[in-house]
Amino acid sequence: MILFGLGAAGFIVRRNIITIFMCIELMLNAVNLAFIGFSRYLGNLDGQVFAFFVIVVAAAEAAVGLAIIIAVQRNRDTLAIDEIDSMKM
Amino acid sequence: MAPLFYIFAVVATLAALSVVLQRTPVYSALSLIVVLCSLAVVYLLLGAEFLAVVQVIIYAGAIMVLFVLVIMLLNARQEAPTDRSRLARRVGVPLLAVFMAEILFAVWGHSASSTSPASQAFDAGPRAIGELLFRNYVLPFEVTSVLILVAVLGAVVLAKKEL
């Protein structure tokens, strides 16, 4: 829970895209911890299987997200998230 | 066993703080690696040996290496605070604290009336997880393999110089 809050706070505050992405990973890990904790609490192995899937999905998402970041950097030559706002109103 | 849990929980929390507060992205990435490893130790203490090893090998070993690689490739530097990020810090963080407090309150309200954790030593080895994976969760397993394929294709396409 604390990890999740920290990750979310960092996600809001930071300006560098890569750091924001790392805060997303932090939140994912916090959720994994909750899953495994509950799995132990309920004596059920399903929580661990689901945490395994979360890790796999996080890996795929990290790969694609980093590729997007590289493409964005190549086109706009900036990593600050305030300048990458061409989709905003 | 309990003090070991607390030690690594505190290490994980401190490293998470470091991830969020560091100005240089490389230091944030290294702190995230520390978080991942200490969480793996916590998983070991919680009886999830397979997941602890998977976390270290895949998450800390492959994903974070990819992160550090991309950080160095893009030459990410320290960030300078802007008006918007200052506004986000002043308004967003207290709101987030309120939100987290609400969630904690809801969770504690429920769990105060529950019993102690089931102390049955369930077999959490790779064999048991593999059985679950291939019996009950075959469909998610196959879907995630398709997902990985799509992710690999997407990453290759996105990183090309000319599409």
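Here the protein sequences line up with chains G and E, keeping their order. According to the numbering used here, the first sequence is numbered sequentially starting from 3. According to the numbering used here, the second sequence is numbered sequentially starting from 3. By construction, the Cβ of each residue, glycine as well, lies at the ideal position given by its N, Cα and C atoms.
CB contact below 8 Å: residue i versus chain E
i     : result
M29/G : no
R78/G : no
A57/G : Here residue 57/G is Ile; the residue named in the question, Ala, does not match the sequence. It does; some Cβ of chain E falls within 8 Å.
I22/G : no
I1/G  : Outside the shown range of chain G, which is 3 to 91, sits residue 1/G, and nothing can be said about it.
V51/G : yes
V33/G : no
CB contact below 8 Å: residue i versus chain G
i      : result
S30/E  : yes
F69/E  : yes
L1/E   : Outside the modelled stretch of chain E, which goes from 3 to 165, sits residue 1/E, for which no answer is possible.
G49/E  : yes
G63/E  : no
S56/E  : Going by the sequence as given, residue 56/E is Val instead of Ser. Judged by the 8 Å Cβ criterion, V56/E is in contact with chain G.
I35/E  : no
A108/E : no
P27/E  : yes
Y8/E   : no
V140/E : no
I177/E : Nothing about residue 177/E can be read from this structure; chain E reaches only from 3 to 165.
V22/E  : yes
L16/E  : no
V72/E  : yes
V100/E : no
L222/E : Here chain E covers residues 3 to 165 and nothing more, so residue 222/E does not appear.
V148/E : no
Terminal residues of the alpha helix (DSSP H) in which residue i lies
i      : result
T146/E : V140 to L160
I35/E  : P27 to L47
A54/E  : E51 to V56
V67/E  : M66 to L76
Supposed contact pair residue j and residue i - C-beta distance, whole angstroms, cut 8 Å
i      : j     : result
L38/E  : Y8/E  : Going by Cβ atoms, the distance from L38/E to Y8/E rounds to 19 Å, so no, they are not a contact pair.
A157/E : V66/G : 6 Å
V72/E  : L68/G : 5 Å
A64/G  : L68/E : 6 Å
T21/G  : P27/E : 5 Å
I57/G  : V70/E : Not a contact, Cβ separation roughly 18 Å.
V21/E  : L34/E : 5 Å
Residue i in three-state terms, based on DSSP
i     : result
N31/G : helix
N77/G : helix
F10/E : helix
I71/G : helix
Closest by C-alpha distance to residue i, when choosing among the options
i      : options                           : result
E27/G  : L53/E, L46/E, A103/E and I65/E    : I65/E
A62/G  : L151/E, M102/E, A161/E and L160/E : L151/E
L35/G  : V67/E, L32/E, T26/E and A11/E     : A11/E
A54/E  : I38/G, L68/G and V59/G            : I38/G
I19/G  : V51/G, I71/G, F54/G and S41/G     : I71/G
M74/E  : V154/E, S30/E, Y139/E and T146/E  : S30/E
T15/E  : E144/E, M102/E and S40/E          : S40/E
F1/G   : L34/E, V109/E and N77/E           : Chain G is shown only over 3 to 91; residue 1/G falls outside these bounds and no answer can be derived.
F136/E : R76/G, N77/G and F55/G            : F55/G
V58/E  : N77/E, V36/E, G49/E and L47/E     : V36/E
L6/E   : L19/E, L47/E and R25/E            : L47/E
Near the ligand FMN: residue i beta-carbon under 7 Å from a heavy atom
i     : result
M29/G : Within the structure as shown, the ligand FMN is missing, as the structure has no ligands at all.
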